[in-house]
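Protein chains in written order, with our numbering: chain A, 5 to 524; chain B, 7 to 371; chain C, 2 to 314.
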């Protein structure tokens with residue numbers, strides 16, 4: 005116990021509808037690199053945000069170097085010697101490196117940045133964190149910006165350094181350099197807490213690893229005494245909520261075809277790197293993966309909300325690459341967005357939300373006018389058919405529960421029996437009843453012959469519903485496999501980038517969509 | 007122990023209906039009280055001032071008729087602004103669009119004075135509409151195409167328009183027989199709108215304004231374009247998702263919003279002044295006051311008909327106390343400013359919950 | 002052409018440009034600080050004219066010019082605090098709030114100033130001749146024969162530039178306007194910085210207005226700012242949020258104001274020249290709309306964005 009620098013005991017943190025941390029115990033020692041492993045939503049970042057004073061725990065206590073503390077804000081955390089490098093850098097882009105490092109610190113009133121330069125150079129040299137103090141942040145690469153963040157923490161006297169998914173923006177080379185820096189710091193007695201979902205990183209850099217799943221600690225292990233396979237199992241778990249009946253059906257003809265698709269993210273960096281896939285009539289293809297590996301960019305490119313830089317998308321043989329959303333909709337592609345707000349107008353009524361896509365159609369219009377009766381009849385029919393619990397069709401959508409709001413979206417998207425349904429995280433944040441309903445609905449649509457592309461972080465969901473599963477990691481598919489041939493553990497390994505299946509061994513040409521998979 | 011007290015603003019899920027109606031009324035009363043205090047400070051009895059304003063604006067046939075006269079441009083601009091603000095397009099340049107409308111109509115009136123009355127006046131309304139629309143389209147396209155913030159650009163366009171009018175009336179368009187006044191020559195009779203007997207009410211513009219208010223109301227409420235505008239305003243991401251083009255929506259909105267302001271400008275030159283004058287002579291800030299008209303009407307075009315009468319009355323009443331209480335003409339700006347501020351704050355109170363939050367911090371040792 | 006150049010660069014024009022530009026400069030310096038903190042203040046016109054009327058009234062009654070300028074600053078600052086409250090605390094639309102403040106200022110100044118119309122100024126701030134230097138040929142009249150406010154405003158340019166780029170305060174200010182979340186996380190009090198910046202902006206606008214009524218005119222005329230506040234808004238963007246460029250811009254547009262009547266004789270229309278700051282403003286905004294360009298120009302990224310601390314759920 006004595007050498008525990010950080011002790012968090014029985015930490016509970018609730019957000020509306022979510023138990024993010026459920027009596028979490030966590031310890032980290034001086035001089036160790038401690039990995040915090042888990043899927044997205046497992047509660048890793050929440051736990052560390054509590055340690056860094058961004059959130060207050062609902063229950064539990066924090067002990068730093070033997071004394072119990074409350075950490076009401078990052079400022080207090082910094083005073084305790086805790087530093088955090090967020091996944092999205094907290095830097096003022098137009099300022100210089102030195103200005104960013106001294107921002108908010110007492111010290112020289114005049115020329116605070118210049119006065120700090122020698123100390124910055126000192127840290128740079130000591131830890132091999134090369135960066136020009138006078139460069140402006142926006143001129144720096146992601147790796148360099150991260151170095152600024154690390155120096156910023158060190159400059160503030162951090163000897164407990166938290167890094168949240170530090171390699172997500174880095175090239176492999178940059179990641180290696182970072183690891184060397186972290187090892188150096190640990191050898192000097194600093195405590196490094198390393199949040200990740202990548203098993204390779206855990207194995208290569210950490211001394212110990214704590215695995216979180218659904219807000220609970222699964223285990224804390226010495227890295228040397230564990231294996232990727234064990235970690236993968238701990239990380240994804242094997243809890244099954246309920247079983248759904250899934251009819252065996254031969255897949256029909258190909259409907260959605262994606263060929264060698266390349267897409268950039270908001271920062272202009274490659275997010276989808278040459279992905280190919282096909283979805284047939286009556287088939288659900290699941291895309292598993294930790295969020296942030298290019299799923300969002302892929303889906304947005306498919307529905308016309310984001311430009312594809314290369315490759316082709318076609319529906320029923322007609323190309324829809326880079327067509328505006330309106331054209332994509334007209335080709336029978338429906339979309340349940342991952343960010344629920346994207347597909348809804350909360351201030352408007354249930355009936356009005358149900359015609360968000362169909363408002364141009366003949367059936368809802370009389371000339372330029374909206375046909376109120378047709379819209380109401382449509383709303384009444386869907387409210388009944390999809391069991392939407394709402395006081396009335398005129399109720400503003402924002403007053404409905406999450407599950408019912410999602411039913412509204414699904415009702416709108418599936419009622420026209422489109423050819424293709426793209427559903428991103430359709431059940432995230434919903435309760436068990438709502439999840440079951442949506443699963444049944446998706447399976448029913450499959451039986452009706454729809455081609456469904458299901459993007460989900462929830463492995464249970466992907467396994468329960470899909471005919472085939474593609475695992476996405478850093479913008480590529482780690483493999484496309486028939487669902488009945490894989491288990492949770494293998495998918496867990498693929499999600500963590502630790503295992504790759506040949507895309508299609510029958511065809512050597514990479515990028516051809518697999519027609520039939522051969523298991524490795 | 008430290009204690010932090012802060013004001014927290016959080017969104018209400020569903021503002022109660024009574025609050026939505028009560029908030030602007032209450033804001034108005036609070037604004038009037040605040041102005042009353044200013045009056046007291048300069049030694050004017052506020053109750054007397056208010057009764058004078060009311061008498062001046064609504065207490066006589068002349069006052070009433072002038073109230074209607076002033077409400078015409080306010081109504082046209084205000085109705086247009088309800089549409090723009092519904093799409094969350096912050097057009098604050100109605101004043102400039104009005105001036106350009108007046109300018110375009112004047113160009114036609116001066117160029118073709120011999121055209122028959124009906125033809126010339128219709129054409130003037132048309133070019134005024136087009137001029138205002140084009141002026142409004144500049145910030146719209148800058149916003150939709152390059153994401154340039156529309157508030158400042160539309161405001162800057164006001165001062166460009168105002169200088170353009172100055173240039174014309176001091177320069178090339180200056181009437182030769184105007185003895186150095188910055189006016190154009192008087193319009194020929196066929197470019198002059200008819201007025202209601204004994205008043206300055208140029209009723210064709212008034213009827214046009216009322217009709218357009220109904221048209222805009224129907225457009226927003228009952229058409230697919232209106233639906234598109236409402237969705238774009240409430241949630242631009244959802245609009246894009248549903249395949250609506252932001253560019254097209256904003257262009258439609260600004261053609262109408264700018265065009266209506268342009269029509270207001272035509273009404274002023276063809277119905278009141280019969281000439282183009284220096285900008286402050288054409289409009290004492292109708293385009294800006296119309297922002298209050300739209301806001302007070304809770305962005306309802308039919309409501310804007312009522313609120314434009316209210317603010318038109320305030321303009322007339324302001325003139326009245328100028329005479330009876332010896333207050334300067336700028337007094338009416340106090341009303342505009344205070345009402346706008348309180349309505350803004352009141353709107354916030356209706357939609358948000360505001361509370362004082364205090365938090366105790368334990369010192370970290 | 003020769004005649005044109007002679008007029009433009011005549012000594013009296015240049016002197017006039019500095020005098021006419023000084024109130025614009027004072028207002029712009031304040032607005033640069035307010036916008037650098039992320040708050041757009043469209044109430045400048047109202048704050049300037051409140052400064053004008055306050056300064057004239059105080060000078061008229063007390064005969065103390067410096068007290069007049071000080072109280073004018075306070076009047077502008079108080080009006081700015083209303084804007085700070087509505088836009089920072091209540092987070093209402095900054096544009097509409099600023100417009101309301103301008104209307105309020107125009108109206109209240111009209112009521113308060115009624116009694117001063119046509120009155121002689123109680124006291125005026127005249128030019129000071131700096132000994133020896135002011136007697137030098139050309140250089141003397143060009144640089145050393147202004148009233149003290151001209152020198153104070155130039156000094157302020159230097160000081161404000163230094164504070165903005167070379168001190169801890171300036172660093173906090175710029176950070177709050179660029180990335181309030183980052184500044185907040187590092188312990189900068191975003192709300193306090195913004196309040197102070199807006200208050201300071203209002204004070205500067207008040208002083209700018211005071212310059213008009215007790216130095217430049219000197220007299221009280223209703224609505225005497227005549228759109229100077231809007232030129233300040235334009236100049237702030239034209240100067241790309243920089244105090245030194247604000248100086249150049251202010252004198253440039255001061256020059257345009259001075260030249261109005263002389264240029265007219267030469268066939269250049271003053272209203273067309275007066276359009277320029279507004280056209281330039283739109284051009285600068287257009288250019289800085291692109292992300293890469295914005296970083297070079299330095300438009301505050303968080304301008305007009307109310308800051309709400311991020312909370313999950």
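The beta carbon of each residue, even a glycine, is placed where N, CA and C say it ideally should be.
Enumerate in chain order the residues of its own chain whose CB-to-CB distance from residue i is below 6 Å, with the five nearest sequence positions on each side excluded.
| i | result |
| --- | --- |
| residue 416 of chain A | 358 |
| residue 199 of chain B | 208, 210, 276 and 277 |
| residue 146 of chain C | 128, 130 and 135 |
| residue 307 of chain B | 85, 88, 219, 222 and 223 |
| residue 178 of chain A | 147 |
Distance, Cα to Cα, residue i vs residue j?
| i | j | result |
| --- | --- | --- |
| residue 84 of chain B | residue 341 of chain B | 17 Å |
| residue 289 of chain C | residue 218 of chain A | 45 Å |
| residue 175 of chain A | residue 48 of chain C | 53 Å |
| residue 267 of chain B | residue 276 of chain A | 48 Å |
| residue 224 of chain B | residue 233 of chain B | 11 Å |
| residue 94 of chain C | residue 95 of chain A | 27 Å |
| residue 434 of chain A | residue 88 of chain A | 31 Å |
| residue 182 of chain B | residue 312 of chain B | 41 Å |
| residue 324 of chain A | residue 333 of chain A | 10 Å |
| residue 202 of chain C | residue 29 of chain C | 8 Å |
| residue 135 of chain A | residue 121 of chain A | 11 Å |
| residue 136 of chain B | residue 265 of chain B | 6 Å |
List, in chain order, every chain B residue whose beta-carbon is nearer than 7 Å to that of residue i.
| i | result |
| --- | --- |
| residue 45 of chain C | Going along chain B, no residue has its Cβ under 7 Å from residue 45 of chain C, so there is no contact; the nearest lies around 12 Å. |
| residue 275 of chain C | 169 |
| residue 231 of chain C | 165 |
| residue 287 of chain C | 148, 152 and 154 |
Would you mind sorting residue i into buried or exposed? The rule is 16 or more other CB atoms within 10 Å of its CB.
| i | result |
| --- | --- |
| residue 81 of chain B | buried |
| residue 228 of chain A | exposed |
| residue 243 of chain C | buried |
| residue 218 of chain B | buried |
| residue 262 of chain B | buried |
| residue 107 of chain C | buried |
| residue 139 of chain C | exposed |
| residue 118 of chain C | exposed |
| residue 97 of chain C | buried |
| residue 310 of chain C | exposed |
| residue 409 of chain A | buried |
Counting only Cβ pairs nearer than 9 Å, list the residues of chain E close to residue i.
| i | result |
| --- | --- |
| residue 221 of chain B | Chain labels in this structure do not include chain E; the protein chains are A, B and C. |
Can you list, in chain order, the residues of its chain with a C-beta nearer than 7 Å to that of residue i? Leave out the 5 residues immediately preceding and following it.
| i | result |
| --- | --- |
| residue 73 of chain C | 52, 55, 56, 207, 208, 210 and 211 |
| residue 176 of chain B | 188 |
| residue 179 of chain C | 301, 302 and 303 |
To which residues of the same chain is residue i closer than 8 Å at the C-beta, ignoring the five residues directly before and after it?
| i | result |
| --- | --- |
| residue 237 of chain B | 244, 245, 248 and 250 |
| residue 208 of chain A | 183 |
| residue 122 of chain B | 196 |
Which residues of chain B have a Cβ atom closer than 8 Å to the Cβ of residue i, listed in chain order?
| i | result |
| --- | --- |
| residue 235 of chain C | 162 and 165 |
Listing by chain order, which chain C residues have their CB less than 7 Å from the CB of residue i?
| i | result |
| --- | --- |
| residue 79 of chain A | 188 |
_With a threshold of 8 Å, are at least 3 pairs of Cβ atoms found where one atom belongs to the stretch 9 to 18 of chain A and the other to the stretch 57 to 75 of chain A?_
yes
_Segment contact flag, the stretch 86 to 93 of chain C with the stretch 245 to 255 of chain C, C-beta cutoff 8 Å, min 3 pairs_ = no
*Using 8 Å as the threshold, is the stretch 251 to 267 of chain A in touch with the stretch 292 to 305 of chain A, meaning 3 or more CB pairs across them?*
yes
*asked:* Would you call the stretch 252 to 265 of chain C in contact with the stretch 11 to 26 of chain C, where contact means no fewer than 3 C-beta pairs closer than 8 Å?
replied: yes
_Taking 8 Å as the cut-off, does the stretch 471 to 490 of chain A touch the stretch 293 to 300 of chain A (at least 3 CB pairs, one atom from each stretch)?_
yes
_Check whether the stretch 232 to 243 of chain C and the stretch 29 to 48 of chain C touch, using three or more Cβ-Cβ pairs below 8 Å as the test._
yes
*Say whether the stretch 342 to 356 of chain B touches the stretch 119 to 134 of chain B, bearing in mind that this needs 3 or more beta-carbon pairs closer than 8 Å, one atom from each stretch.*
no
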